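Residue numbers for the first sequence follow my numbering, beginning at 7 and rising by one. In this text, a Cβ means the ideal position worked out from N, Cα and C, and glycines have one as well. If you're wondering where the values come from, they're calculated on a predicted model, not measured in any experiment. Input: a single structure, listed below in structure tokens.
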Amino acid sequence: MNIFNKIEKELIDIVSEKKKELKLIQLNNFKGITVESPPQEFDFDLSSNIALILGKTNGIKPFELASNIKKLVILKSKNIETIEVAGPGFLNIKLTSQFIYQYILDIIKFDKNYGSSINDKSFNIEFVSANPTGPMHVGHCRGAIYGDVLSNLLKFNGNKVTKEYYINDYGNQIINFAKSVFLRIREIKYQEKFPADSDLYPGQYILDIAEEIINSHPKLSFSDFKKDYELLAEESLKYSMKLIKSDLKKLGIQHDYFFSEKEIVKKDLVNKAIKILEKNDYIKEGYLDPPKGDDTKNWIKKKRLLFKSKLFGDDTDRALQKNDGTWTYFANDVAYHLDKVSRGYDFLINILGADHTGYIKRISGAVSALSQNKIKLECRVCQLVKLYKKGKPFKMSKRAGDFISAQDLLKEVDKDSIRFMMLNRSNDMELDFDFDKVLEKNKENPVFYVQYCYARINSLFNTLKINLKDPLIYNGKDFNLNSYEIRIIRKIFNWPKVIETASKKFEPHRIPFYLYDLATLFHSYWSKGNEDENYRFINNGVIRNTKTLFIIKSLSIVIENGMNILGVSLPKKM
RNA sequence: GCGCCCUUAGCUCAGUUGGAUAGAGCAUCGGUUUUCUAAACCGAGGGUCGUAGGUUCGAAUCCUUCAGGGCGCGCCA
């Protein structure tokens, strides 16, 4: 259902068949030949560079070749109405109205699948994976929504997707987390002052956890941290995972699978991974340089197991063991990724925050090493989110300490606006998020603008007393579109291409931009009726032209499909 | 110092795996409402695509140089 591919194939078939007549010797498998939308000022449905490419490889003037192709195509193609040769040798194409009519019928028939192409790959997407030592912050939200929508997008395109969350519930941070809760309990019970220590977690939520643990264990005295550690760690982890899951749910996100680092340690999965790496010569024993900077007080020069990540372009080989011989975070993560590899996905994707960029080479190197280069781990980074309120930077949070939590955000802004706005930017650009602007009900707010377009469509159908989902009756004769309808349908032609590009490049932000453009075309058509009666949809309570309803219905399908992928709701009335 | 990302209109950003005269929104200026929702629309001005080279029919897009901004550079997680 991709009109560009369809016409491209038609052009290629005709040119192949008439190769001799066109004096073509080298076809070069038609590499580099495209069919695209021409710039709007040309007023054509499609354009192709076929004559430019083939002209070059065959030493024929592109313009001349284009003219010859044009003659043949007009003669042979049932779908193409006219062709104009333009510029250096582009073919600008107008389709027949019958072909366009059939295409719209297909859109309506495909409905929820319009734009989807057939794929059957399996993906594992690991995202969020926020440390379970506290609530999610705004930066996590961006990665969370990016990962979720990327999953929706890949699913829409026919793939299988597992959404996964890795819980870092092991190591020093958990000890510090439990200790913070312990000290808050001491503070509440015995009025001991909570120390100012940068390793500890000071946030208000620690007090909440402390309160809860005191209430659920009234008999405990909390005199010895070591003795109570297991209990404290377990309860605190449970509590913060509950917070995180509740935030995710409020954002409309549900993971399929939660994988715990603790399980890796318990089952000793690291040894299994190390063996595979050893066998393939990716491991060595060696020394590392002392860390840069002046913070070398805990550093010991010691021989230890290293992963040869230099082989994968990393700055240095990476430690798998700590001073005491236990595994590093990285070693556990390697074991975790072995588990993912062994589950047989076609592709692995990790969504990371900007502060983890330096980790990419070592972990994707590990996946290549573990899978004998059969599986590639793709890592995508979400850049920082800068918060604004009424145009001014907005930083501190009372509850969480030094960051704005997801809850702070969700308290003021609805899920739909957050999701749309977080995606309304390429993921590798910093994002300015203004608390107030996303709630405005006007054109400045793209969420509103697209939703309003859909509400207007519903209003139109309501006025006509037609159900948007009911079949339309029309014989398809005289399917001549006005300039507004042509612009809309040309935009709709592009939808499958947007999906294809967005999936291939993991760039879901293309969808909100596209939907905004599409909404603009509709609002423009709608308003034209204000100045010119001939453009009003309704005349004496009935539709002026049924063909218009076809166009608008197919437009509504694209908006529905797009917003479904984004996970943003579409009110019928506003 | 090193690595990754970014630099496009006054501001915030798109730019279809190299295509035609580089596009939106905001801001500025000017217009549209006895109507199917003006919560909208139409028009105008505004650009050496950070710099300097290179690759070719053709570069914002690919390669190299330099400048500016962000993030990271532990045996932490």
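Is residue i near the ligand MN, in the sense that its beta carbon is under 8 angstroms from a heavy atom of that ligand?
i	result
HIS343	The ligand MN is not among the ligands present in this structure, which contains no ligands whatsoever.
I need the boundaries of the beta strand (DSSP E) containing residue i, first residue and last residue.
i	result
THR88	86–92
LYS15	Counting along the chain, LYS15 falls outside any beta strand (DSSP E), though it belongs to the alpha helix (DSSP H) covering 9–23.
GLY587	No information on residue 587 is available, as it lies outside the stretch 7 to 580 that the chain covers here.
ASP3	The structure shown does not extend to residue 3, since the chain is modelled only from 7 to 580, so the question has no answer here.
LEU416	LEU416 -> not in any beta strand (DSSP E); alpha helix (DSSP H) instead, spanning 412–418.
PHE265	263–266
GLY331	From DSSP, GLY331 is part of no beta strand (DSSP E); its letter is neither H nor E.
ARG310	310–313
Work out the CA separation of residue j and residue i for me, nearest whole Å.
i	j	result
THR102	GLU14	16 angstroms
ILE99	LEU474	32 angstroms
SER411	LEU257	13 angstroms
LEU30	ILE18	12 angstroms
ALA508	PRO514	5 angstroms
GLN179	LEU243	11 angstroms
GLY482	LYS417	51 angstroms
SER560	LEU71	37 angstroms
LEU572	ILE424	11 angstroms
ALA325	ALA279	14 angstroms
TYR207	PHE264	24 angstroms
ILE89	ILE494	21 angstroms
ALA341	VAL347	10 angstroms
LEU582	LEU311	This structure does not reach residue 582, given that the chain is present from 7 up to 580, and the question cannot be answered.
LEU160	ILE151	14 angstroms
ARG148	MET428	6 angstroms
GLY331	ALA202	31 angstroms
HIS261	GLU537	50 angstroms
SER204	ARG190	15 angstroms
ILE106	TRP532	22 angstroms
VAL41	PHE499	12 angstroms
ASP214	LYS232	21 angstroms
LEU254	LEU60	52 angstroms
ILE270	ARG349	15 angstroms
HIS343	GLY359	18 angstroms
TYR490	LYS401	45 angstroms
Verify whether the separation of the beta carbon atoms of residue i and residue j is less than 9 angstroms.
i	j	result
SER83	ILE20	yes
ILE131	THR168	yes
LYS268	ILE173	yes
GLU566	ASN163	no
PHE353	LYS328	no
VAL564	LEU524	yes
LEU238	PHE200	no
PHE543	THR526	no
GLY292	ASP323	yes
PHE313	ALA375	yes
GLN457	ASP422	yes
ASP321	VAL387	no
ASN338	VAL276	yes
ILE558	LEU466	yes
LEU28	LEU97	no
ASP414	VAL144	yes
Could you give the residue range of the alpha helix (DSSP H) that holds residue i?
i	result
SER562	552–572
ILE517	516–537
LEU213	210–222
ASP234	231–256
VAL453	452–469
PHE69	68–82
VAL444	Element bounds for VAL444: n/a, residue is neither H nor E.
PHE336	335–348
GLU506	501–511
Which one of the options has the shortest CA to CA distance from residue i?
i	options	result
ARG431	SER377, ILE492 and TYR522	TYR522
ASP442	GLU436, ASP434, MET435 and ASN451	ASN451
PHE556	ASP476, SER266, ASP420 and ASN277	ASP476
LYS251	LEU294, MET142 and ASN74	MET142
CYS459	LEU576, GLN104, LYS37 and LEU390	LEU576
TYR351	TYR288, ILE86 and GLU170	GLU170
PHE36	GLU241, SER43 and SER54	SER54
GLN32	SER489, ILE66, ASP330 and LYS285	ILE66
TYR394	LEU470, PHE439, ILE558 and ILE369	PHE439
LEU317	PRO296, LYS367, HIS362 and TRP333	LYS367
ASP51	SER315, TYR480 and LEU487	LEU487
ASP345	PHE519, ILE282, PRO399 and ASP287	ILE282
ASP484	PRO44, GLN104 and LEU28	GLN104
VAL134	ASN221, LYS272 and HIS146	HIS146
>> Could you tell me which whole alpha helix (DSSP H) segments of length 4 or greater appear in the segment 101–181?
In response: Taking only runs of at least 4 residues, the alpha helix (DSSP H) segments lying wholly in the segment 101–181 are 103–116 and 144–162.
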